[in-house]
Amino acid sequence: MPERRYVIAAVLLHLAVALGVLLSNALAPRHVQKPPVIEAVMLDPTFKQQQQQAAEVERQREAEAQQQEREAEQRRQKEAEAEARRRAEADRRQREEEQRQREQEKQERQEEQRRQEQAERERRQAEERERQAEAERKRKAEEQRKAEEERERKAAEQRRKEEEARKQREAEERRKAEEERKRKEAEERRKAEEERKRKEAEERRKREEAERKRQEEEERRRQEAAERRRAMEEQMRAEERQRTLNRWGSGLPSHIERYWRRPPGLSSDGSLEAKLRLIVLPNGEVASVQVIESSGNALFDRSAERAVDAASPLPLPEGETPPREMSIYFQEPR
17 MPERRYVIAA VLLHLAVALG VLLSNALAPR HVQKPPVIEA VMLDPTFKQQ
67 QQQAAEVERQ REAEAQQQER EAEQRRQKEA EAEARRRAEA DRRQREEEQR
117 QREQEKQERQ EEQRRQEQAE RERRQAEERE RQAEAERKRK AEEQRKAEEE
167 RERKAAEQRR KEEEARKQRE AEERRKAEEE RKRKEAEERR KAEEERKRKE
217 AEERRKREEA ERKRQEEEER RRQEAAERRR AMEEQMRAEE RQRTLNRWGS
267 GLPSHIERYW RRPPGLSSDG SLEAKLRLIV LPNGEVASVQ VIESSGNALF
317 DRSAERAVDA ASPLPLPEGE TPPREMSIYF QEPR
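Final position of the sequence shown in this note's numbering is 350; the numbers increase by one with none missing.
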C-alpha cells in the first residue's frame with residue numbers, strides 16, 4: 017500500500033508540472049515582428065553607422081528581454097514543480113499520519129482485546145484453581161475418611177488375628193506335646209531296634225570281613241604266582257626277540273654294502289667308518305637316514321647315506337617288527 021501511494025504522488029507531480037508549462041506559454045507576451053519599412057534616404061556614412069549601432073542596441077535589448085522571459089519561465093516552472101512536490105509531500109505526510117493513527121488505533125484495539133482476553137484467562141484460571149482446591153479438599157476429606165475406616169478395619173483384623181493366633185498356639189502346643197510323647201516312644205523303639213540290627217550287622221560284617229580277607233589272600237597269592245610266570249615268559253620272549261634283532265641288525269651293514277657305490281675322487285686306505293641313525297617303518301622302508309658320527313670324509317658320509325636309501329626297504333626280521341629308530345656302523349668296503 018505505501019508503494020502505491022508513492023506512485024500516485026509522482027503522477028500528480030508530473031501532471032502539475034505539465035499544467036504549469038502550458039499556462040506559462042499561454043500567458044507569455046508574443047513578439048510580433050513589424051513589417052519592414054523601406055525608405056529611400058540619402059544618408060551619409062556616419063548616419064548609417066549610427067543606425068547600425070541603434071539597431072544593434074535594439075537587438076541586444078530584445079535578446080535580454082527574451083533571456084529574462086526564459087529565466088522567468090524557468091522560475092515559474094521550478095516554482096510549479098516545487099509547489100507540486102510540496103503538495104505531494106504534504107499529501108504523503110497526511111496519508112502517513114492517517115495510516116499511523118489507524119495503526120495506533122488498531123494496536124490500541126488489539127491491546128484492549130489482549131487485556132480483556134488476559135483478564136478472562138485470569139478469571140478462568142482463578143475459577144479453575146478454586147475448583148481444584150475444592151476438589152483437593154474433598155479428596156483429602158475422602159482419603160482421611162477412608163484412612164480412618166482402614167485403621168479401624170486393620171485394628172479389628174489385628175484383634176481377630178491375635179485371637180486366632182492364640183488359639184492356634186494353644187492347639188499347636190497341645191499337638192507338639194502329643195507328638196513329642198509319641199516321638200520319644202517311637203525313638204526308644206527305634207533305638208532298641210537299631211541296636212539289635214547294629215549288633216547283628218556287626219556280627220555279619222565281621223564274618224564277611226574275615227571271608228573277604230581270606231579270599232583276598234588267596235587271590236593275592238594266585239596273582240603273584242601268575243605274575244611270576246608272566247615275567248619269566250616275557251623275559252624269555254624278550255631275550256629271544258633281542259637275539260633275533262641282534263642277528264638282523266648285524267646283517268644290515270652287509271645288506272647295505274651291496275648298494276654302496278664308491279664316489280669318484282674318494283681316496284682312502286679302506287678304514288673309513290661312519291655311524292648312521294635310521295628311522296625305519298614297520299614295512300622295512302627307511303623314512304630317514306642321518307650321519308651322527310662322521311668318518312671325517314664328506315664324500316664317504318654322503319655315499320653311505322645314499323647306500324641306505326638305495327637298500328630300502330630293509331629285510332624284515334623273522335616274526336618280529338623292526339625297531340623304529342636304530343643306529344649302525346657302516347665301514348668302507350675293501
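Quick reminder that beta carbons are idealized off the backbone N, C-alpha and C, glycines included.
Classify Arg293 as helix, strand or coil using the three-state DSSP reduction. In the sequence shown, residue 293 corresponds to position 277, counting from 1. DSSP places Arg293 in strand when its eight states are reduced to three.
Less than 8 Å between the C-beta atoms of Ser270 and Asn313, yes or no? Taking the sequence shown and counting its residues from 1, one reaches residue 270 at position 254. Taking the sequence shown and counting its residues from 1, one reaches residue 313 at position 297. Contact flag unset, no.
In the DSSP assignment, the alpha helix (DSSP H) including Glu321 goes from what residue to what residue? As a working note, residue 321 is residue 305 in the sequence shown. Here the alpha helix (DSSP H) through Glu321 covers 314 to 327.
Output the distance between the C-alpha atoms of Arg167 and Ala181, rounded to the nearest integer angstrom. As a first step, residue 167 is located in the sequence shown; it is residue number 151 there, counting from the start. As a first step, residue 181 is located in the sequence shown; it is residue number 165 there, counting from the start. Approximately 20 Å between the Cα atoms of the pair.
Taking its Cβ as the centre, do 16 or more other Cβ atoms sit within 10 Å of Glu196, making it buried, or is it exposed? Residue numbering aside, residue 196 sits at position 180 when the sequence shown is read from its first letter. Under this definition Glu196 is an exposed residue.
Reducing DSSP to helix, strand and coil, say where Glu341 ends up. Start at 1 with the first residue of the sequence shown, and residue 341 comes out as number 325. Glu341: strand per DSSP, three-state reduction.
Can we count Arg161 as close to the ligand PLP, meaning its CB is less than 7 Å from some heavy atom? Absence of the ligand PLP from the depicted structure is noted, as is the absence of any ligand whatsoever, leaving it without description.
Can you tell which of Gln110, Val33, Glu72 has its C-alpha closest to the C-alpha of Glu96? Along the sequence shown, one-based indexing puts residue 96 at 80. Checking the displayed sequence, the identity of residue 96 turns out to be Ala instead of Glu. Here the closest residue by C-alpha is Val33.
Using DSSP with H/G/I as helix, E/B as strand and the rest coil, what is Glu334? Working through the sequence shown from its first residue, we reach residue 334 at position 318. Note: Glu334 maps to coil in three-state DSSP.
Check whether the Cβ atoms of Gly36 and Gln110 sit closer than 8 Å, and answer yes or no. The residue given as residue 36 occupies position 20 in the sequence shown. The residue given as residue 110 occupies position 94 in the sequence shown. In this structure, Gln110 does not lie closer than 8 Å to Gly36 by Cβ.
Could you check how far apart the C-beta atoms of Ala25 and Ala98 are, in whole angstroms? I think they sit under 8 Å. Looking up residue 25 in the sequence shown gives position 9. Looking up residue 98 in the sequence shown gives position 82. No, Ala25 and Ala98 are not in contact; Cβ-Cβ is about 14 Å, not under 8 Å.
Residues that DSSP places opposite Ala309 in a beta bridge: Your numbering for residue 309 matches position 293 in the sequence shown. A small fix is needed here, since residue 309 is Glu in this sequence, not Ala. Answer is Lys291.
With distances taken between CB atoms, is the gap from Ser319 to Pro280 smaller than 8 Å? Numbered from 1 along the sequence shown, position 303 holds the residue referred to as residue 319. Numbered from 1 along the sequence shown, position 264 holds the residue referred to as residue 280. Not in contact: Ser319 and Pro280 (Cβ atoms no closer than 8 Å).
Whole-angstrom distance between Leu288 and Arg350, CA atom to CA atom: For the purposes of this step, residue 350 is taken as residue 334 along the sequence shown, with counting starting at 1. For the purposes of this step, residue 288 is taken as residue 272 along the sequence shown, with counting starting at 1. A direct Cα-to-Cα measurement between Arg350 and Leu288 gives close to 10 Å.
Going along the chain, which unbroken runs of the beta strand (DSSP E) with 3 or more residues stay wholly within the stretch 204 to 231? none
Taking just the CA atoms, how far does Phe63 sit from Ala56? As a working mapping, residue 56 is identified with position 40 in the sequence shown. As a working mapping, residue 63 is identified with position 47 in the sequence shown. Unreliable positioning characterises Ala56 in this predicted model, as indicated by a pLDDT of 48, which lies under 50. The coordinate reading is nonetheless provided below. So the alpha carbons of these two residues sit roughly 14 Å apart.
Alpha-carbon to alpha-carbon, Leu28 and Gln126: One-based indexing of the sequence shown puts residue 126 at position 110. One-based indexing of the sequence shown puts residue 28 at position 12. One C-alpha to the other measures close to 36 Å.
Cα-Cα separation between Glu80 and Glu89, rounded to whole angstroms: In the sequence shown, counting from the first residue as 1, residue 80 sits at position 64. In the sequence shown, counting from the first residue as 1, residue 89 sits at position 73. Using only the alpha carbons, I get a separation of about 14 Å.
Considering only C-alpha positions, which residue in the set Ala303, Glu309, Val305 is nearest to Ala290? The residue you call residue 290 lines up with position 274 of the sequence shown. The shortest Cα separation from Ala290 among Ala303, Glu309, Val305 belongs to Glu309.
Considering only the alpha carbon of each residue, which of Leu31, Lys183, Ser343 lies closest to Arg101? Residue numbering aside, residue 101 sits at position 85 when the sequence shown is read from its first letter. Minimum Cα distance to Arg101 is reached at Leu31.
Whole-angstrom distance between Glu128 and Glu114, CA atom to CA atom: Position 98 of the sequence shown, counted from the start, is the residue given in the question as residue 114. Position 112 of the sequence shown, counted from the start, is the residue given in the question as residue 128. Using only the alpha carbons, I get a separation of about 21 Å.
With distances taken between CB atoms, is the gap from Pro331 to Glu301 smaller than 8 Å? Within the sequence shown, numbered from 1, the residue matching residue 331 stands at position 315. Within the sequence shown, numbered from 1, the residue matching residue 301 stands at position 285. Cβ distance not < 8 Å, so Pro331 and Glu301 don't count as in contact.
What separation, rounded to the nearest whole angstrom, lies between the Cα atoms of Arg230 and Arg223? Counting from 1 along the sequence shown, the entry for residue 230 is found at position 214. Counting from 1 along the sequence shown, the entry for residue 223 is found at position 207. Computed Cα separation, rounded: 11 Å.
Nearest to Ile344 (by Cα), restricted to the options Thr337, Ala323, Glu336, Glu334: Along the sequence shown, read from residue 1 onward, the residue named residue 344 stands at position 328. Residue Ala323 is the option with its Cα nearest to Ile344.
Within a Cβ cutoff of 7 Å, which residues of the same chain sit near Leu268, ignoring the five residues on either side of it in sequence? One-based indexing of the sequence shown puts residue 268 at position 252. These residues qualify, in order along the chain: Leu330, Ile344.
Could you have a look at Ser266 and say whether DSSP puts it in helix, strand or coil? As a first step, residue 266 is located in the sequence shown; it is residue number 250 there, counting from the start. In the structure shown, Ser266 sits in a helix (DSSP, three-state: H, G or I).
For Gln306 and Glu232, I'd like the C-alpha separation in whole angstroms. Taking the sequence shown and counting its residues from 1, one reaches residue 306 at position 290. Taking the sequence shown and counting its residues from 1, one reaches residue 232 at position 216. Looking at the two C-alpha atoms, the distance is approximately 54 Å.
Look up Ser284 in the DSSP assignment and give the residues it is bridged to. The count along the sequence shown starts at 1 and reaches residue 284 at position 268. Beta-bridge pairing links Ser284 to no other residue.
Could you tell me whether the Cβ of Gln110 comes closer than 8 Å to any Cβ of chain B? In the structure shown, chain B does not exist; there is a single protein chain.
Alpha carbon to alpha carbon, how far is Ala106 from Gln66? Give it in angstroms, no decimals. Working through the sequence shown from its first residue, we reach residue 66 at position 50. Working through the sequence shown from its first residue, we reach residue 106 at position 90. Whole-angstrom Cα-Cα distance: 59 Å.
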